[in-house]
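Here the protein sequences line up with chains A and B, keeping their order.
Okay, so the first sequence: first residue is 0 according to numbering that gives the first Met the number 0, each after it adds one.
Okay, so the second sequence: first residue is 0 according to numbering that gives the first Met the number 0, each after it adds one.
Glycine included, each C-beta is placed from N, C-alpha and C at the ideal position.
Here is the structure we will look at, set down as structure tokens.
Number of protein chains: 2
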Amino acid sequence: MNIGEASARSGVSAKMIRYYESIGLIEAPSRTAAQYRVYADDDVHTLRFVRRARDLGFSLEETRELLALWHDRSRASADVKKLAMAHIRDLEAKAAELQAMADTLRHLAAHCHGDHRPDCPILSDFATQPLLAEKA
Amino acid sequence: MNIGEASARSGVSAKMIRYYESIGLIEAPSRTAAQYRVYADDDVHTLRFVRRARDLGFSLEETRELLALWHDRSRASADVKKLAMAHIRDLEAKAAELQAMADTLRHLAAHCHGDHRPDCPILSDFATQPLLAEKA
DNA sequence: CTTGACCTTCCCATGATGGGAAGCCCCATA
DNA sequence: TATGGGGCTTCCCATCATGGGAAGGTCAAG
């Protein structure tokens with residue numbers, strides 16, 4: 000099948016399929032005489048794997064590791080779980096960070112009348128708050 | 000004061016201060032004969048405002064709007080609150096999305112033995128799950 | 001006067017993705 | 001058989017916010 004069909008079947012855009020190939024995330028498929036890429040069902044399988052990993056927030060480099068683990072039948076499930084757990088911690092840390100920002104803003108907004116008057120503690124806070132701790 | 004001191008006092012890197020100037024987020028300061036940028040206390044005040052907005056997850060374009068609101072003494076606090084509330088919704092939606100990813104992974108990981116054996120439902124799921132709904 | 005810290009501009013890189021141009025290929029229909 | 005339209009190819013550019021680093025000018029202390 001051509002790249003268009005592989006894209007439709009895997010949910011990965013043709014643009015991204017070519018990109019993943021260019022960075023060596025997936026293997027280069029064979030080509031027709033006219034240089035058209037030709038994919039097999041197995042390739043769609045792999046693309047879906049990548050798509051799923053991306054949907055779950057893994058970076059392309061992490062996805063690369065997952066693919067390697069997937070192809071390595073001798074690796075222990077502990078290796079996979081370790082990577083997954085580390086990623087879960089990352090995701091939850093980021094979620095908590097966003098929620099903390101929202102909480103801070105919500106707190107400020109609670110003290111803003113939100114009427115026709117110009118006074119608003121949200122902006123005054125922005126202008127005067129001491130710096131937050133530097134990000135690591 | 001020079002850009003280095005303005006940077007130290009505001010918590011915004013010199014690199015970013017120049018960038019913010021280049022995109023018109025902040026005004027171009029006056030210069031010495033040697034083309035060194037010269038900042039006043041008020042500029043540091045503005046930079047801190049920007050820093051705080053960024054820390055709270057506002058994009059540079061949103062920060063631009065906030066700066067305009069800050070400088071506009073005739074605007075109603077409702078305008079500010081409206082922007083803030085919209086941003087809070089964005090932040091909470093993103094936080095929830097990340098948490099949902101983490102939950103999904105945690106669920107998968109719970110069924111992975113995590114021992115020396117190779118079987119791991121995490122990766123098998125990746126390879127076989129139907130596509131998630133397309134993102135908006 | 002030298003040295004070192006600071007400033008200037010300019011270009012490049014990141015991560016993941018999309019947009020679009022120019023040009024070739026393939027198939028169906030008139 | 002010719003033509004048209006859609007799909008394929010490569011290549012370059014844009015996004016968002018930030019940092020790295022080179023090459024060169026400047027300033028202040030010793």
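Can you find a C-beta in chain B that's less than 9 Å from the C-beta of Asp40/A? The sequence position of residue 40/A within the first sequence is 41, counting from 1. By this cut-off, Asp40/A is not an interface position.
Short CB-CB distance (under 9 Å) between Ser21/A and chain B: By one-based count along the first sequence, residue 21/A stands at place 22. No, no contact with chain B.
Would you call the CB atoms of Met0/B and Gly56/A closer than 9 Å? As a position in the second sequence, residue 0/B is number 1, starting the count at 1. As a position in the first sequence, residue 56/A is number 57, starting the count at 1. Result no, Cβ atoms of Met0/B and Gly56/A do not sit closer than 9 Å.
Test: Arg47/B CB closer than 9 Å to a CB of chain A: Numbered from its first residue, the second sequence carries residue 47/B at position 48. Closer than 9 Å to some Cβ of chain A, the Cβ of Arg47/B qualifies, so yes.
Along the stretch 91-103 of chain B, what residues have a CB closer than 7 Å to any CB found in chain A? Glu91, Lys93, Ala94, Leu97, Gln98, Met100, Ala101, Thr103
Could you check whether the Cβ of Met84/B sits closer than 9 Å to any Cβ belonging to chain A? Counting from one through the second sequence, the residue named residue 84/B turns up at place 85. Closer than 9 Å to some Cβ of chain A, the Cβ of Met84/B qualifies, so yes.
Name the two residues that bound the continuous alpha helix (DSSP H) containing Val11/A. Residue mapping note: residue 11/A aligns to position 12 of the first sequence, counting from 1. From DSSP, Val11/A is part of no alpha helix (DSSP H); its letter is neither H nor E.
When the distance is taken between beta carbons, is Arg47/A closer than 9 Å to Pro117/B? Along the second sequence, one-based indexing puts residue 117/B at 118. Along the first sequence, one-based indexing puts residue 47/A at 48. No, these two residues do not count as a Cβ contact at 9 Å.
Would you report the Cα separation of Thr103/A and Glu96/A, rounded to the nearest angstrom? Sequence index remark: in the first sequence, residue 103/A carries index 104 (1-based). Sequence index remark: in the first sequence, residue 96/A carries index 97 (1-based). One C-alpha to the other measures close to 11 Å.
Option in Ser9/A, Ala108/A, Arg53/A, Arg50/A with minimal Cα separation from Asp40/A: Walking along the first sequence from the start, residue 40/A turns up at place 41. Taking only the C-alpha atoms, the option nearest Asp40/A is Ser9/A.
Paired residues, beta bridge with Arg30/A - DSSP: Along the first sequence, read from residue 1 onward, the residue named residue 30/A stands at position 31. Arg30/A pairs with Arg36/A.
Which first and last residues belong to the alpha helix (DSSP H) in which Ala77/B is found? Residue 77/B sits at position 78 when you count from the first residue of the second sequence. Here the alpha helix (DSSP H) through Ala77/B covers 76-109.
Look up Met0/B in the DSSP assignment and say whether it is helix, strand or coil. Indexing the second sequence from 1 puts residue 0/B at position 1. Met0/B: coil per DSSP, three-state reduction.
Give me, in chain order, the residues of the same chain whose beta-carbon lies closer than 8 Å to that of Ala135/A; leave out the 5 immediate sequence neighbours on both sides. Here residue 135/A refers to the residue found at position 136 when the first sequence is read from its first residue. Caution applies to Ala135/A, whose pLDDT of 28 falls short of 50 and renders its modelled position unreliable; the model cannot decide the point.
CB-CB under 6 Å to Val49/A, same chain, minus the five flanking residues each way: which ones, in chain order? Along the first sequence, read from residue 1 onward, the residue named residue 49/A stands at position 50. The residues are Thr62.
I think Val43/B touches Ala67/B, with their Cβ atoms under 8 Å apart; what is that distance to the nearest whole Å? On the second sequence, residue 43/B is found 44 positions in, with the first residue counted as 1. On the second sequence, residue 67/B is found 68 positions in, with the first residue counted as 1. That belief does not hold up - the Cβ atoms of Val43/B and Ala67/B are roughly 19 Å apart, past 8 Å.
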